[in-house]
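First residue of the sequence shown: 141, per my numbering; consecutive thereafter.
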Amino acid sequence: MIHRKFDGLKFRRTFIGGSKREELKKFAEVQGVKEDNSECDWLEYRRMLIKYNDDTLNIILSWKYVFGILRIIFAVLTLLISFSNPTISLFVLGVSAIFHTSFVVLKNKEMKRLSIYNFSLDIINQQTGLTLSKN
């Protein structure tokens with residue numbers, strides 16, 4: 141499996157080439173026009189795929205980190221408020237549950253993205269006949 145570590149938090153996508161249209165155009169140029177992928181520049185495609193996946197994984201990990209902190213803060217806040225006002229603590233518990241659910245969804249999304257990423261790099265290694273590292 142691929143393990144990535146990122147320096148900073150990132151919450152929005154940075155497209156290759158500056159815009160989504162340019163990113164799609166660059167991927168199309170690298171893939172070529174034949175359906176059997178005989179014109180595909182696999183090494184350039186691999187480089188762009190790694191850049192794309194690193195960007196999306198960094199965003200998912202950043203949001204997962206934020207939701208992980210918020211779910212703990214609101215769970216502790218629920219315990220503290222429950223002694224003085226149980227009605228408000230139920231509302232805060234609901235908010236904590238939403239953050240926990242979001243955290244779990246992002247955790248599953250991260251695992252799915254890593255699995256697809258790993259599979260894609262294996263396919264590229266098979267197509268090129270090279271044994272390229274996944275990092």
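Using N, Cα and C, we set each Cβ at its ideal position, and we do this for glycine too.
Exercise. Does the distance from the C-beta atom of residue 200 to that of residue 249 stay below 8 Å?
Worked result: By 1-based counting over the sequence shown, the position of residue 200 is 60. By 1-based counting over the sequence shown, the position of residue 249 is 109. The answer is yes: Cβ separation under 8 Å.
Problem set entry | For residue 237 and residue 251, the rounded distance between their alpha carbons | Along the sequence shown, one-based indexing puts residue 251 at 111. Along the sequence shown, one-based indexing puts residue 237 at 97. Between residue 251 and residue 237, the C-alpha separation is close to 21 Å.
Exercise. Three or more C-beta pairs closer than 8 Å, one from the region 196 to 214 and one from the region 166 to 185: is that the case here?
Worked result: Under the 8 Å Cβ criterion, the region 196 to 214 does not count as touching the region 166 to 185, having fewer than three qualifying pairs.
Problem set entry | residue 158 versus residue 173 - alpha carbon distance | As a working note, residue 158 is residue 18 in the sequence shown. As a working note, residue 173 is residue 33 in the sequence shown. Cα to Cα, the separation comes out at about 23 Å.
Exercise. Just reading off the alpha helix (DSSP H) that residue 179 is part of, what are its end residues?
Worked result: Within the sequence shown, residue 179 is the residue found at index 39, counting from 1. Segment: none, residue 179 is in no alpha helix (DSSP H) and carries neither H nor E.
Exercise. For residue 152, which residues from the same chain have a beta carbon less than 8 Å from its beta carbon, with the 5 sequence-adjacent residues on both sides left out?
Worked result: By one-based count along the sequence shown, residue 152 stands at place 12. Contacts found: 199.
Exercise. Is it the case that the Cβ atoms of residue 196 and residue 161 are separated by a distance below 8 Å?
Worked result: For the purposes of this step, residue 196 is identified with residue 56 of the sequence shown, where counting begins at 1. For the purposes of this step, residue 161 is identified with residue 21 of the sequence shown, where counting begins at 1. No, the Cβ-Cβ distance between residue 196 and residue 161 is not below 8 Å.
For this session: Return the residue from the list 243, 221, 244 that minimises the CA-CA distance to residue 233.
Result: On the sequence shown, residue 233 is found 93 positions in, with the first residue counted as 1. Checked all of 243, 221, 244; the closest Cα to residue 233 is 221.
Problem set entry | Terminal residues of the alpha helix (DSSP H) in which residue 160 lies | Here residue 160 corresponds to residue number 20 of the sequence shown, with the count starting at 1. Membership of residue 160 in the alpha helix (DSSP H) is indicated by the continuous run 160 to 171.
Exercise. What's the C-alpha gap between residue 190 and residue 239?
Worked result: Position 50 of the sequence shown holds residue 190. Position 99 of the sequence shown holds residue 239. Whole-angstrom Cα-Cα distance: 29 Å.
Exercise. Between which two residues does the alpha helix (DSSP H) containing residue 262 stretch?
Worked result: Counted from its first residue, the sequence shown places residue 262 at position 122. Here the alpha helix (DSSP H) through residue 262 covers 226 to 268.
Exercise. Is residue 213 buried or exposed, if buried means 16 or more other CB atoms sit within 10 Å of its CB?
Worked result: Here residue 213 corresponds to residue number 73 of the sequence shown, with the count starting at 1. Of the other Cβ atoms in all chains shown, fewer than 16 fall within 10 Å of the Cβ of residue 213; this residue is therefore exposed.
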